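Input: a single structure, listed below in structure tokens.
Numbering (full-length UniProt numbering), first residue to last: 1 to 102.
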């Protein structure tokens, strides 16, 4: 009989813990829903200064060309690599066309 009482006590303890966890989860979900409703309102970053019409300058650049962000990033990366190449060649006084045997 005592074994049965111990099992019932353990079950009651587990149910109490479960109810406590469920209450905590509901509280967190309510906080999350409230934060989601507020949306971007509370966020202030270095660039936007709480301006509701703020658009990142990089996004403005992407809006001017009919390319995907990935394609634009590749193009920017290639151009950056070319700039570095010409800077290195210029600092070492090497002709660009000399690289191709000309």
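Don't be surprised by glycine CBs; every beta carbon is placed ideally from N, CA and C.
All values derive from a computational prediction rather than experimental measurement.
(Q) Suppose you measure from the CA of residue 33 to the CA of residue 52; what does that come to, to the nearest Å? (A) 21 Å
Q: Please confirm whether residue 96 and residue 89 have their CB atoms less than 7 Å apart.
A: yes
Q.
At 4 residues or longer, what runs of the alpha helix (DSSP H) sit wholly inside the region 2 to 84?
A. 2 to 38 and 57 to 63
Q: Please look up how many angstroms separate the CB atoms of residue 62 and residue 69, rounded, as I've assumed it's under 8 Å.
A: 6 Å
Q.
Does residue 96 come out as helix, strand or coil in the three-state DSSP assignment?
A. coil
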